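Novice: Protein sequences, first through last, are from chains A and B. Taking the numbering used here, the leading residue of the first sequence gets 1, the next gets one more, and so forth. Taking the numbering used here, the leading residue of the second sequence gets 223, the next gets one more, and so forth.
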Amino acid sequence: MDKLTNNQIAWRAAQDIADGAYVNLGIGFPEKVAQYQPPGREAIFHTENGILGFGEAPAPGQEDWDLINAGKKAVTIKPGTAFFHHADSFAMVRGGHLDVAILGAYEVAETGDLANWSTGPKGVPAVGGAMDLVHGAKRVAVITDHVTKDGKPKLLKRCTLPLTGVGCVTRVYTSLAVIDIDAGRFVLREKLAALSVAELQAVTGAELVLPATIADLIVPEL
Amino acid sequence: MDKTVSDVATAVSAIPDGASVMIGGFGGAGSPIELIHALIDRYRATGAPRGLTVINNNAGNGHVGLAALIEAGMVRKLICSFPRSADPVVFTEMYLAGKIELELVPQGTLAERIRAGGAGIPAFYTPTSFGTDLAKGKPVEVFEGRSYVQERWLKADFALIKAETADLHGNLTYRAAARNFNPLMCMAAATTIVQATRIVAPGGIDPEAVITPGIFVQAVVEVAHPHQEEDLNRANATYPLEA
Numbered sequence: 001m002d003k004l005t006n007n008q009i010a011w012r013a014a015q016d017i018a019d020g021a022y023v024n025l026g027i028g029f030p031e032k033v034a035q036y037q038p039p040g041r042e043a044i045f046h047t048e049n050g051i052l053g054f055g056e057a058p059a060p061g062q063e064d065w066d067l068i069n070a071g072k073k074a075v076t077i078k079p080g081t082a083f084f085h086h087a088d089s090f091a092m093v094r095g096g097h098l099d100v101a102i103l104g105a106y107e108v109a110e111t112g113d114l115a116n117w118s119t120g121p122k123g124v125p126a127v128g129g130a131m132d133l134v135h136g137a138k139r140v141a142v143i144t145d146h147v148t149k150d151g152k153p154k155l156l157k158r159c160t161l162p163l164t165g166v167g168c169v170t171r172v173y174t175s176l177a178v179i180d181i182d183a184g185r186f187v188l189r190e191k192l193a194a195l196s197v198a199e200l201q202a203v204t205g206a207e208l209v210l211p212a213t214i215a216d217l218i219v220p221e222l
Numbered sequence: 223m224d225k226t227v228s229d230v231a232t233a234v235s236a237i238p239d240g241a242s243v244m245i246g247g248f249g250g251a252g253s254p255i256e257l258i259h260a261l262i263d264r265y266r267a268t269g270a271p272r273g274l275t276v277i278n279n280n281a282g283n284g285h286v287g288l289a290a291l292i293e294a295g296m297v298r299k300l301i302c303s304f305p306r307s308a309d310p311v312v313f314t315e316m317y318l319a320g321k322i323e324l325e326l327v328p329q330g331t332l333a334e335r336i337r338a339g340g341a342g343i344p345a346f347y348t349p350t351s352f353g354t355d356l357a358k359g360k361p362v363e364v365f366e367g368r369s370y371v372q373e374r375w376l377k378a379d380f381a382l383i384k385a386e387t388a389d390l391h392g393n394l395t396y397r398a399a400a401r402n403f404n405p406l407m408c409m410a411a412a413t414t415i416v417q418a419t420r421i422v423a424p425g426g427i428d429p430e431a432v433i434t435p436g437i438f439v440q441a442v443v444e445v446a447h448p449h450q451e452e453d454l455n456r457a458n459a460t461y462p463l464e465a
């Protein structure tokens, strides 16, 4: 089955970020979203460890290790950057001041529940800021492959893995579709043109609600 | 008033066995690595302190700083949000062998618990962790139709802090994102010990630029050229460092 690359999923999510939005991108895959801001729009990126409005990664050898993001990667400052301590940083998160948080997922339920921090009791548990980020941002979106590496649905009626948050996700950008979560249901907004609704439903673990208009999911080659 | 201490060994000399110690930093940024190493030196020389409860966002990286403190066997319990790193082998092996206790706290809850500890607020409610495994056993209350989890303050006997500039009163500034948990921990510890890259006379810091007011600080020691954890790890360093 043809599907979007991670870069293309990130590009699609970036198209919904308004000019002037305050945005937190989860560590790893979601960080790619920053690369695809539409021309003419400027989003201000927040990182949990106390920077608002940071810039791109420095050239190798130019790193300042007091200037890192939540993934502990080196970033840069640019005109308008602000520093603050951790309590202020999470006041921005929980206090409803961020416009968008974009996170990865192991599983998303039609209830909006998200599981993205633990794959079970084995190993060392680690949560970081994930449980804080899912509360407070005006919009919590997920970017993810539509299915797991072994082809199982990641969009489910109920999550099976430990939850990060309850009823928090409102939009999911997958490798096959754009799906809103509305009143406890998955509502299909966009899908790849080559994919039938039946094919998409077959790899989705809960019923897709089909509105009158379902747009084609169109992204550039990246 | 002069809160300066002559050297890092003196600065950490009063931390006893079993103490709770907040250590500033997020990963290597803002980590008071020379104070941590001084504590390890003391332990290697005297066998104390041991049985420490350490509060930090992470669990160390490689074999320097916090990881070296854990590797030395001085830490009984770690309270943190993210015990993973590029090289988390020290904590991982100790944890899986049952040799260290872990209290996992969401990062924003950890920050606010420390802030509350410093501000005299014994408990507060947060939406974070509601409905998850990390909220088990905690009281839940509904405010304006939404459920919130009760969390308790977090205080400590000592805090080890890295600042950029300190004055003799203990007023502090920080450098870039090395600020992170440091100002909160200054507030929440009974005794706050600061390593600063520069110590200046009162008046040497613009009052408008003070981030941590000196009332939260008990001791200041100058470390003019602090190591960066990331640089040490890129050089595959292990503590004690080779000369």
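Quick reminder that beta carbons are idealized off the backbone N, C-alpha and C, glycines included. Every value quoted in this text rests on a predicted model; they were computed, and no experiment measured them.
Am I right that V169 (chain A) and V108 (chain A) are in contact with their C-beta atoms under 8 Å? What's the rounded C-beta distance?
Specialist: 6 Å
Novice: What does I68 (chain A) touch in chain B if you count any residue whose Cβ is under 7 Å from its own?
Specialist: G249, A251 and A399
Novice: Going by beta carbon distance, what residues of the same chain come within less than 8 Å of A82 (chain A), once the five residues before and after it are set aside?
Specialist: For A82 (chain A), the CB contacts under 8 Å within the same chain, skipping 5 residues up- and downstream, are I51, L52 and G53 in chain order.
Novice: Within the same chain, show all residues whose beta-carbon is closer than 6 Å to that of Y106 (chain A), passing over the 5 residues directly before and after it, in chain order.
Specialist: A115, N116 and L161
Novice: D2 (chain A) and A270 (chain A) - do their beta-carbons sit closer together than 7 Å?
Specialist: Examination of residue 270 (chain A) is not possible in this model, given that chain A is present from 1 through 222 alone.
Novice: Between which two residues does the alpha helix (DSSP H) holding H259 (chain B) run?
Specialist: I255 to T268
Novice: Between the C-alpha atoms of G128 (chain A) and T354 (chain B), what's the straight-line distance to the nearest angstrom?
Specialist: 14 Å
Novice: Counting along the chain, where does the alpha helix (DSSP H) carrying R189 (chain A) start and finish?
Specialist: Run containing R189 (chain A): none in the alpha helix (DSSP H); it sits in the beta strand (DSSP E), R185 to K191.
Novice: Give a yes or no on whether the minimum CB-CB distance between L52 (chain A) and chain B is below 7 Å.
Specialist: no
Novice: How about V422 (chain B) and D389 (chain B): do their beta carbons lie closer than 7 Å?
Specialist: yes
Novice: Look at the alpha carbon of P220 (chain A) and the alpha carbon of A18 (chain A), and state the distance between them as a whole number of angstroms.
Specialist: 19 Å
Novice: How would you list, in chain order, the residues of chain B whose beta-carbon sits under 7 Å from the beta-carbon of H86 (chain A)?
Specialist: In chain order: A333, N402, F403 and L406.
Novice: Could you name the residues of the region 123-136 of chain A whose beta carbon sits closer than 9 Å to any beta carbon of chain B, in the order they occur along the chain?
Specialist: G123, V124, P125, A126, V127, G128, G129, A130, M131, D132, L133, V134, H135 and G136
Novice: What residue does the beta strand (DSSP E) around A357 (chain B) start on, and which one ends it?
Specialist: Looking at the DSSP string, A357 (chain B) is not in any beta strand (DSSP E), and its letter there is neither H nor E.
Novice: Quick test of your reading: G273 (chain B) and D239 (chain B), contact by CB under 8 Å. State the CB separation rounded to the nearest angstrom.
Specialist: 5 Å
Novice: What residues are listed by DSSP as bridge partners for R374 (chain B)?
Specialist: BP columns for R374 (chain B) point to B:A345.
Novice: Show which residues of chain A have a CB atom less than 7 Å away from the CB atom of E452 (chain B).
Specialist: Simply W65.
Novice: Return the CA-CA distance between E541 (chain B) and G184 (chain A), expressed in angstroms with no decimal places.
Specialist: Residue 541 (chain B) lies beyond the residue range present for chain B, which begins at 223 and ends at 465; the question has no answer from this structure.
Novice: Measuring only between beta-carbons, confirm whether G284 (chain B) sits less than 7 Å from chain A.
Specialist: no
Novice: By the 10 Å Cβ neighbour count, where 16 or more other Cβ atoms means buried, how is K191 (chain A) classified, buried or exposed?
Specialist: Per the 10 Å Cβ criterion, buried.
Novice: Taking 7 Å as the threshold (C-beta atoms), are H135 (chain A) and T350 (chain B) in contact?
Specialist: yes
Novice: Going by Cα to Cα distance, which pick from A:Q37, A:G61, A:V197 and A:L217 is closest to S175 (chain A)?
Specialist: The candidate whose alpha carbon is nearest that of S175 (chain A) is A:L217.
Novice: At least one CB of chain B closer than 7 Å to the CB of N24 (chain A): is that the case?
Specialist: no
Novice: Within 10 angstroms of the Cβ of L318 (chain B), are there 16 or more other Cβ atoms? Answer buried if so, exposed if not.
Specialist: exposed
Novice: So T354 (chain B) contacts chain A; which residues on that side make the cut at Cβ distance below 8 Å?
Specialist: M131, P162, L163, T164, G165 and V166
Novice: Based on the DSSP output, what are the partners of F90 (chain A) in its beta bridges?
Specialist: BP columns for F90 (chain A) are empty, so no partner.
Novice: Determine which residues of the region 87-106 of chain A have a Cβ less than 8 Å from any Cβ of chain B, and write them out in chain order.
Specialist: A87, S89, F90, V93 and R94
Novice: Using a Cβ-Cβ cut-off of less than 9 Å, list which residues of the region 304-335 of chain B approach chain A; keep chain order.
Specialist: Cβ contacts with chain A: F304, P305, R306, S307, A308, P310, F313, T314, Y317, L318, L324, L326, V327, P328, Q329, G330, T331, L332, A333 and E334.
Novice: Please classify K32 (chain A) as buried or exposed, where buried requires at least 16 other C-beta atoms within 10 Å of its C-beta.
Specialist: buried
Novice: Would a check of beta-carbon distances place F45 (chain A) closer than 7 Å to chain B?
Specialist: no
Novice: Suppose you measure from the CA of N393 (chain B) to the CA of K225 (chain B); what does that come to, to the nearest Å?
Specialist: Looking at the two C-alpha atoms, the distance is approximately 10 Å.
Novice: I want to know whether the region 197-217 of chain A touches the region 21-40 of chain A - three or more CB-CB distances under 8 Å.
Specialist: no
Novice: Rounded to whole angstroms, what's the CA-CA distance from T419 (chain B) to P448 (chain B)? Just pull it up for me.
Specialist: 7 Å
Novice: At a Cβ threshold of 7 Å, is T434 (chain B) touching chain A?
Specialist: no
Novice: Return the chain-ordered ranges of every beta strand (DSSP E) run that is complete within the region 32-119 of chain A and spans a minimum of 3 residues.
Specialist: 44-47, 100-103 and 107-109
Novice: Would you list, in sequence order, the uninterrupted alpha helix (DSSP H) runs of no fewer than 4 residues that lie entirely inside the region 125-157 of chain A?
Specialist: 130-133
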